[in-house]
Amino acid sequence: MEKERQLLVVFPHPDDEAFGVSGTIASHVKNGTPVTYACLTLGEMGRNMGNPPFCNRESLPKIRKQELQDAANAIGIQDLRMLGYRDKTVEFEDPEKLIQHMGAIIEEVKPSLIISFYPGYSVHPDHDATGAAVVEAVKRMPKQERPKLNLVAFAKNCIDELGEPDIVHNISAVMPQKIAALKAHKSQTQLMVANVEEKLKQKDPDMLAWLENERFWSYEIEN
Amino acid sequence: MEPAKIESVQKELDRLAKQDVFIHLETTNGAYATHNDESFFSSGAYIRNAKIQYEHGKITGPNPFRVGLKMDIGWVYAEGITHYEVDEKGRLLLAGHDFQGKLAVALEIGTTPFE
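So the sequences go chain by chain: A and B. This note's numbering puts the first residue of the first sequence at 15, with every later residue one more than the last. This note's numbering puts the first residue of the second sequence at 2, with every later residue one more than the last.
In structure tokens:
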């Protein structure tokens, strides 16, 4: 993995970072790269609250805020920013306001690499809206100042339309950090993590491949 | 949250009647329903901090329960309610959790706005 000067991660929900990119983030931290993670919402409208439920619609954001902090600690993120948007409403914000907000963070942090969602291929409307704002903010920068964009996609049609991801990081060296990040999002991953750990113990090849390989599409901006 | 009980919830609905209250009403099947099953038609709605007054409210069952609030010129309705809680601000939180424990419906009533 190439050493980066500064990494900026932008996702809308606590736990978006855990599944697909926490190993990559932990690897950059290990390389000595400073990481800023801007998380737009607190996942206020999540449906998972434990079974039986240990929280409710109103206490969920407080719990997820702590989980986000715990996950950030687990993978070594020192600059965690919660941007104060509300779950499920990102696509309804004034797009210009969102683009400018992303632009201001990029200008301040001056990343050499940004990790976010691939607009149009990321299933959740908040994911697509976040990715679109980040891409547009980068497009507006002078060409020589633009950071690289490594984007995450998981829509059913992403391979057909985007091709295979051109970047695959094997993150087995930081697997404990990744599992810790997944576990930190307890309200969301409680049931899943038990299943993951069981399969890991059995060395299930599909599960290992899914966890070990983090996949990105690099996004090229013309002109 | 505790499993909903008709008597306890009814008492709270009575307590909050005939005054200005704020409600959060929501149904959801999750943002990934169609991604996980293409034959599933994803739908949902929520309203947060609608200010209303209801003349009377009622919870009826069997479990999962239904709740209706009768207003001067309309109704508020939720079905699938399984759990309830009165939080530290005295707000009545009603929720329906599906067979996997995931939230499917919520109806919350408070005398102050939700954050």
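All C-beta atoms in this analysis are idealised placements derived from N, C-alpha and C, irrespective of residue type, glycine included. Please read these numbers as outputs of a predicted model, since none were measured by experiment.
Amino acids of chain B, ordered along the chain, whose beta-carbon sits closer than 8 Å to that of residue i
i: Arg-71 of chain A; result: His-25, Glu-27, Leu-94, Ala-96, Leu-104, Ala-107, Glu-109
i: His-138 of chain A; result: Ala-32, Tyr-33
i: Met-59 of chain A; result: Glu-27, Thr-29, Tyr-47
i: Pro-67 of chain A; result: Met-2, His-84, Ala-96, His-98, Gly-102, Leu-104
Own chain, CB closer than 6 Å to residue i, minus 5 neighbours either side, in chain order
i: Lys-197 of chain A; result: Val-207
i: Arg-19 of chain A; result: Ser-126
i: Arg-78 of chain A; result: Pro-28, Leu-56, Gly-57
i: Tyr-78 of chain B; result: Gly-69
Residues of its chain near residue i, where Cβ-Cβ distance is below 8 Å and the 5 sequence neighbours each way are ignored
i: Met-72 of chain B; result: Ile-53, Gln-54, Tyr-55, Glu-56
i: Tyr-99 of chain A; result: Pro-26, Leu-54, Thr-55, Glu-107
i: Gly-34 of chain A; result: Val-166, Phe-168, Glu-228, Arg-229
Within chain B, partners of residue i - CB distance below 9 Å
i: Gly-98 of chain A; result: Within chain B, no residue comes near Gly-98 of chain A; the closest Cβ sits about 11 Å away, beyond 9 Å.
i: Met-2 of chain A; result: The displayed coordinates of chain A run from 15 to 237. Any statement about residue 2 of chain A would go beyond what the structure contains.
Residue closest to residue i, alpha-carbon to alpha-carbon, out of the options
i: Glu-226 of chain A; options: A:Ile-235, A:His-183, A:Lys-217; result: A:His-183
i: Ser-136 of chain A; options: A:Ala-167, A:Arg-95, A:Ile-39; result: A:Ala-167
i: Gly-57 of chain A; options: A:Pro-125, A:Thr-50, A:Lys-213, A:Arg-71; result: A:Arg-71
i: Ala-32 of chain A; options: A:Ala-223, A:Leu-163, A:His-199, A:Lys-213; result: A:His-199
i: Arg-92 of chain B; options: B:His-36, B:Ala-107, B:Glu-39, B:Ser-40; result: B:Ala-107
i: Leu-103 of chain B; options: B:Thr-83, B:Glu-13, B:Glu-8, B:Arg-49; result: The amino acid at residue 103 of chain B is misidentified as Leu; the sequence shows Lys. Cα-wise, what sits closest to Lys-103 of chain B is B:Thr-83.
i: Asn-30 of chain B; options: A:His-138, A:Asn-171, A:Glu-236; result: A:His-138
i: Ile-185 of chain A; options: A:Leu-22, A:Lys-44, A:Val-24, A:Val-23; result: A:Lys-44
i: Leu-261 of chain A; options: A:Met-15, A:Ile-39, A:Asp-30; result: This structure gives no information on residue 261 of chain A, because the portion of chain A shown stretches from 15 to 237.
i: Phe-100 of chain B; options: B:Asn-64, B:Leu-94, B:Pro-114, B:Ala-32; result: B:Asn-64
i: Val-49 of chain A; options: A:Asn-87, A:Met-59, A:Arg-61, A:Glu-81; result: A:Asn-87
i: Thr-112 of chain B; options: B:Leu-95, B:Asn-50, B:Tyr-85, B:Gly-58; result: B:Asn-50
Sequence-distant residues of its chain with Cβ nearer than 7 Å to residue i (five each side left out)
i: Gln-204 of chain A; result: Gly-64
i: Asp-84 of chain A; result: Ala-198
i: Pro-156 of chain A; result: none
i: Lys-124 of chain A; result: Gln-20
Beta carbon of residue i nearer than 9 Å to that of residue j
i: Arg-67 of chain B; j: Ile-74 of chain B; result: no
i: Ile-193 of chain A; j: Glu-211 of chain A; result: yes
i: Gly-117 of chain A; j: Ser-130 of chain A; result: no
i: Tyr-132 of chain A; j: Cys-172 of chain A; result: yes
i: Gly-134 of chain A; j: Ala-187 of chain A; result: no
i: Leu-176 of chain A; j: Ile-235 of chain A; result: no
i: Pro-66 of chain A; j: His-98 of chain B; result: yes
i: Glu-80 of chain B; j: His-25 of chain B; result: no
i: Val-104 of chain A; j: Leu-112 of chain A; result: yes
Contact set between residue i and chain A, taken where Cβ atoms lie within less than 8 Å
i: Phe-1 of chain B; result: An answer regarding residue 1 of chain B cannot be provided, because it is not within the stretch 2 to 116 covered by chain B.
Cross-chain neighbours of residue i in chain A, by beta carbon under 9 Å
i: Asp-21 of chain B; result: What Asp-21 of chain B touches in chain A: nothing, since even the nearest Cβ is about 19 Å away.
i: Asp-88 of chain B; result: Asn-70, Glu-72, Ser-73
Along the stretch 44–61 of chain B, what residues have a CB closer than 8 Å to any CB found in chain C?
-> Structure shown: chain C not included; protein chains present are A and B.
Alpha helix (DSSP H) runs wholly inside the stretch 171–223 of chain A, at least 4 long, in chain order | 172–176, 189–198, 200–215
Ordered list of alpha helix (DSSP H) runs contained in the stretch 64–146 of chain A, each at least 4 residues = 74–89, 109–123
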